[in-house]
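The block underneath contains the structure these notes are about, expressed in structure tokens.
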Amino acid sequence: MKEDNRNLLLAITLSVVVLLGWQYFYGLPQAEKQKQIAQQNQQTQSQQAPGQLATQPSGAPAAPGTVPTQPGQAPVTAAPVTATREAALAAGPRLRIDTPKIAGSLSLTGARIDDVSLKAYRETVDPKSPIIVLLSPAGGPNAYYSDFGWVAGPGASVLLPNATTVWSADSEILTSAKPVTLTWDNGQGLLFKRTIAVDDNALFSIRDEVENKGTNAVSLYPYGQVVRVGKPTTLGYYVLHEGMIGSLGEQGLQEYTYDTVDKEPGLGSATHGKAWKDVVGGFVGITDKYWAAAAIPDQGRKYEGRYSSVQTGSVRTYQADFLGEAVNVAPGASASASSRLFAGAKEVSAIDGYEKNQGIKRFELMIDWGWFYFITKPMFYVMDWVYKHVGNFGIAILVVTVLLKGLFFPLANKSYASMAKMKAVQPEMVAIRERYADDKMKQQQALMELYKTQKINPLAGCWPVLVQIPVFFALYKILFITIEMRHAPFYGWIRDLAAPDPTNLFNLFGALPFTPPAMLHLGIWPILMGVTMFVQMKMNPEPPDPVQKMMFTWMPVFFTFLLGSFPAGLVIYWSWNNLLSILQQGFIMRKHGVKIELFDNIKSMLGKKPAAAGAVTAPKPANSNKK
39 MKEDNRNLLL AITLSVVVLL GWQYFYGLPQ AEKQKQIAQQ NQQTQSQQAP
89 GQLATQPSGA PAAPGTVPTQ PGQAPVTAAP VTATREAALA AGPRLRIDTP
139 KIAGSLSLTG ARIDDVSLKA YRETVDPKSP IIVLLSPAGG PNAYYSDFGW
189 VAGPGASVLL PNATTVWSAD SEILTSAKPV TLTWDNGQGL LFKRTIAVDD
239 NALFSIRDEV ENKGTNAVSL YPYGQVVRVG KPTTLGYYVL HEGMIGSLGE
289 QGLQEYTYDT VDKEPGLGSA THGKAWKDVV GGFVGITDKY WAAAAIPDQG
339 RKYEGRYSSV QTGSVRTYQA DFLGEAVNVA PGASASASSR LFAGAKEVSA
389 IDGYEKNQGI KRFELMIDWG WFYFITKPMF YVMDWVYKHV GNFGIAILVV
439 TVLLKGLFFP LANKSYASMA KMKAVQPEMV AIRERYADDK MKQQQALMEL
489 YKTQKINPLA GCWPVLVQIP VFFALYKILF ITIEMRHAPF YGWIRDLAAP
539 DPTNLFNLFG ALPFTPPAML HLGIWPILMG VTMFVQMKMN PEPPDPVQKM
589 MFTWMPVFFT FLLGSFPAGL VIYWSWNNLL SILQQGFIMR KHGVKIELFD
639 NIKSMLGKKP AAAGAVTAPK PANSNKK
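So my numbering is basically just the index in the sequence shown, starting at one, shifted up by 38.
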């Protein structure tokens, strides 16, 4: 009995540590934190466009963010501040973008891709809520954009297209079936062409060409960048990365938060950041929880990748960019450079498809699969496969839980069988303790001999919980970071499996017109989870120690409140897993002739004397378990 209760106590302690640790690292409940961010993002901010982002050492080409002074042209200054996004969009000529997944436009002034909205995603579960806006133009609030082009070699004086250049287009619309070509002549012998194509999802292909009609050779460096003006409001969870992200060749995954970039040593006189030289393959970009923008260089050529930030007035600007190898263009010759831009939702199939089909090195790392990557991603693929057959991610969670139960069935059976055997030999264990009450060493030796003879593992009760912990983490990660789970409904009142159960006991599930505080959020599914946990615990004999008994009695209540703020999908999983465990444990206990103590324990709680109080096994006397 004592060892059995010790195992159960250890299992519960492990679970509490996991859940409390999760709450600590994740801070506020997810729904509450996202609500705060939504409220903050609704506040319009007047922000300046970025100026010069970096100063390079002497002898190096100008950085992508730098706007060099050209003959006959004044340095480009910050764009005028405008009050609304709409006003910024209307400030110059534009070319419309329309694909099955995204809508927006690119600015012909500067040839920037700076207006992208995601058709398939809305701000809330309300189908009438606004669609998600990803990229926005400079001069408006929350500017976030990408551009590509050329910078001149050391000491060169070449008029190149920049943020004020107005390009000519051969079409009025860019679609997945119809690329566009932009052209600009610098009037000094160089003709620039930029062909932009986009696929059905959110990947832009950019091909920059330059034709040298002059008499002097030129050396140019291709670049691409993603720029974000102002530090966005982030969720701030420990296990979710938001900020600069990239896979830089042999350097591997490089994740920097906005605050980390701000603290990095300066790349220039006023610029902070980090740079990696001689990189081949990968990408650089900026990621949010569900969406991202990434500049992708030619995967076969060397480049320098950088993250940087600079303070301009009261606004800080963040930039992820690459600078490619020099391209030499002789008189009468042409040269080109290819790159790509991803600007969209981080859908698993799309991200993995780009890595496989487009050869983008480790592009899958755009999605933050976490420490249990080797469990999380395969579990998602199984869940997604089930979803495609049943049409509901909630049902997919239930099916995957059954599959996991089947996978670990032999281990769980051995654990429950060992626990049942331990209950069956409780009289012998009590006798050994009484026989060797004054000799702990002989007592332990006799107990170990009993375990060996009866083939009992005293720690067997911990294995089901230990196995469940990584599964718990993996499922939480799936619910937390995959966009496929965002706003995924179940049935009834659960409209978003990635958000907490919206019902609440403390306002009588919506009958009372007030919203209880977050700490008192207790929905129907957490209550069902608490009930299943209570039943599972009460199937075992009551612990003899009063403190343990009280702790075990209140533990389901504690867990019920603790999981009240967790995603509904995770609580549904836990409840269903508990129910399956109850059925499995009950079957095994009956198979081994061990009495199920559920009803006796409930009667004892209600102050009624059980019919056969304290029975351990069916053939044993009812008094064998008395204190």
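Ideal Cβ placement from N, Cα and C applies to all residues, glycine included.
If you reduce the DSSP assignment to three classes, tell me which class residue i lands in.
{"i": "SER196", "result": "Checking the sequence, you will find Val at residue 196 rather than Ser. Of the three classes helix, strand and coil, the one that applies to VAL196 here is coil, per DSSP."}
{"i": "THR309", "result": "strand"}
{"i": "GLY362", "result": "strand"}
{"i": "MET282", "result": "strand"}
{"i": "VAL163", "result": "coil"}
{"i": "ILE562", "result": "helix"}
{"i": "VAL386", "result": "helix"}
{"i": "SER209", "result": "coil"}
{"i": "GLY178", "result": "coil"}
{"i": "TYR425", "result": "helix"}
{"i": "TRP592", "result": "helix"}
{"i": "GLU247", "result": "strand"}
{"i": "ASP745", "result": "The first residue shown for the chain is 39 and the last is 665, placing residue 745 beyond what the model contains."}
{"i": "LEU379", "result": "strand"}
{"i": "LEU436", "result": "helix"}
{"i": "GLY624", "result": "helix"}
{"i": "TYR259", "result": "strand"}
{"i": "ALA327", "result": "The amino acid occupying residue 327 in the given sequence is Lys; Ala does not appear at that position. LYS327: coil per DSSP, three-state reduction."}
{"i": "GLY227", "result": "coil"}
{"i": "LEU273", "result": "coil"}
{"i": "ALA76", "result": "Per-residue confidence for ALA76 stands at a pLDDT of 45, beneath the threshold of 50, marking its modelled position as unreliable; no derived number is given."}
{"i": "GLY337", "result": "Correcting the residue identity first, residue 337 is Gln in this sequence and not Gly. Three-state DSSP puts GLN337 in coil, outside helix and strand."}
{"i": "TRP222", "result": "strand"}
{"i": "SER374", "result": "strand"}
{"i": "LYS461", "result": "helix"}
Measure the Cβ-Cβ separation of residue i and residue j and say whether it is below 8 angstroms.
{"i": "THR598", "j": "GLY624", "result": "no"}
{"i": "LEU228", "j": "VAL365", "result": "no"}
{"i": "ILE135", "j": "LYS157", "result": "no"}
{"i": "LEU560", "j": "LEU535", "result": "no"}
{"i": "VAL236", "j": "LEU273", "result": "no"}
{"i": "PRO555", "j": "GLY602", "result": "no"}
{"i": "ILE324", "j": "GLY281", "result": "yes"}
{"i": "MET421", "j": "VAL438", "result": "yes"}
{"i": "ARG232", "j": "ASP223", "result": "no"}
{"i": "ALA331", "j": "VAL264", "result": "yes"}
{"i": "LYS327", "j": "LEU278", "result": "yes"}
{"i": "ILE507", "j": "ALA484", "result": "no"}
{"i": "LEU566", "j": "SER613", "result": "yes"}
{"i": "ASP185", "j": "ARG150", "result": "yes"}
{"i": "PRO199", "j": "PHE230", "result": "yes"}
{"i": "GLY177", "j": "ALA126", "result": "yes"}
{"i": "GLU363", "j": "LYS340", "result": "yes"}
From residue i to residue j, what distance separates their C-alpha atoms?
{"i": "GLY210", "j": "THR253", "result": "Per the sequence shown, residue 210 should be read as Glu rather than Gly. Whole-angstrom Cα-Cα distance: 34 angstroms."}
{"i": "LYS335", "j": "VAL322", "result": "Note on residue identity: the sequence assigns Pro, not Lys, to residue 335. Cα to Cα, PRO335 sits roughly 9 angstroms from VAL322."}
{"i": "ALA523", "j": "TRP205", "result": "First, the amino acid is wrong: residue 523 is Met here, not Ala. Going from the Cα of MET523 to the Cα of TRP205 covers about 41 angstroms."}
{"i": "GLU635", "j": "LYS576", "result": "7 angstroms"}
{"i": "THR107", "j": "THR202", "result": "Confidence in THR107 is poor, its pLDDT being 30 and thus under 50, which makes the residue's placement unreliable; the coordinate value appears in the next sentence. So the alpha carbons of these two residues sit roughly 12 angstroms apart."}
{"i": "ALA375", "j": "ARG344", "result": "19 angstroms"}
{"i": "PRO564", "j": "VAL171", "result": "34 angstroms"}
{"i": "PHE596", "j": "GLU472", "result": "36 angstroms"}
{"i": "LYS587", "j": "PHE547", "result": "32 angstroms"}
{"i": "LEU445", "j": "LYS452", "result": "13 angstroms"}
{"i": "TYR275", "j": "SER387", "result": "25 angstroms"}
{"i": "PRO179", "j": "GLN292", "result": "28 angstroms"}
{"i": "GLY607", "j": "ILE389", "result": "24 angstroms"}
Ordered along the chain, which non-local residues of its own chain (more than five positions away) have a Cβ less than 6 angstroms from that of residue i?
{"i": "VAL196", "result": "ALA190 and VAL256"}
{"i": "TYR182", "result": "LEU173, SER174 and ARG266"}
{"i": "LYS480", "result": "TYR474"}
{"i": "ALA373", "result": "VAL248, VAL365 and VAL367"}
{"i": "ALA512", "result": "PHE410, ILE413, THR414 and MET417"}
{"i": "LYS443", "result": "LEU618"}
{"i": "TYR425", "result": "PHE431 and ALA434"}
Could you pull out every residue in the same chain whose Cβ sits closer than 8 angstroms to the Cβ of residue i, ignoring the five residues on either side in sequence?
{"i": "TYR411", "result": "none"}
{"i": "LYS301", "result": "HIS310"}
{"i": "VAL463", "result": "LEU488, GLN492 and ILE494"}
{"i": "GLN574", "result": "ASN616, SER619, ILE620 and GLN623"}
Looking only at its chain, what residues have a beta carbon closer than 7 angstroms to the beta carbon of residue i, apart from the 5 residues adjacent to it on each side?
{"i": "ARG378", "result": "LEU241, PHE242, SER243, ILE244 and ILE334"}
Any beta carbon of chain B sitting closer than 8 angstroms to that of residue i?
{"i": "TYR294", "result": "Among the protein chains of the structure shown there is no chain B, as only one such chain exists."}
For the segment 309 to 319 against the segment 428 to 439, do three or more pairs of beta-carbon atoms, one drawn from each stretch, fall closer than 8 angstroms, so that the two count as touching? No, the segment 309 to 319 does not touch the segment 428 to 439.
Three CB pairs or more closer than 8 angstroms across the segment 277 to 296 and the segment 344 to 358: The segment 277 to 296 makes contact with the segment 344 to 358; the number of CB pairs closer than 8 angstroms reaches 3 or more.
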